[in-house]
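K.L.:
Here this note's numbering is used: the first residue of the sequence shown is -5, the next is one more, and so on. A virtual CB, placed ideally from N, CA and C, is assigned to each residue, including glycine.
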Amino acid sequence: MRHKAVSFPSLFIRPPRPCYCIENSIKKGNSDGTMGSKSFKINPMKSYQNNKTEAIQQLKNQKRENALDIISKSVLKAL
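1) How is Leu53 classed by DSSP in three states: helix, strand or coil?
2) With DSSP collapsed to three states, give me the class of Leu62.
3) Which class does Leu73 belong to by DSSP, given the choice of helix, strand or coil?
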């Protein structure tokens, strides 16, 4: 004897299933472990290196000027 399937009204409301995007799961992380594009994080490093080299050059120029100033002042004092 077979039983007939009886449909009962649902007493519990199920939350909807989350939609997982395939695109989000394919993205690769950066070397620091964060998700997203790598180019955004590399560019600040390049600008930091450029700023650092510019600062070093400015310090070298200041040292040269200071050396010339010291020599000229000592020559003027000697006269």
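P.N.:
Once the coordinates are examined:
1) One-based indexing of the sequence shown puts residue 53 at position 59. Looking at Leu53 - three-state DSSP - the assignment turns out to be helix.
2) The residue given as residue 62 occupies position 68 in the sequence shown. In this structure, Leu62 counts as helix in the three-state DSSP scheme.
3) As a position in the sequence shown, residue 73 is number 79, starting the count at 1. Here Leu73 carries a coil assignment [DSSP, helix/strand/coil].
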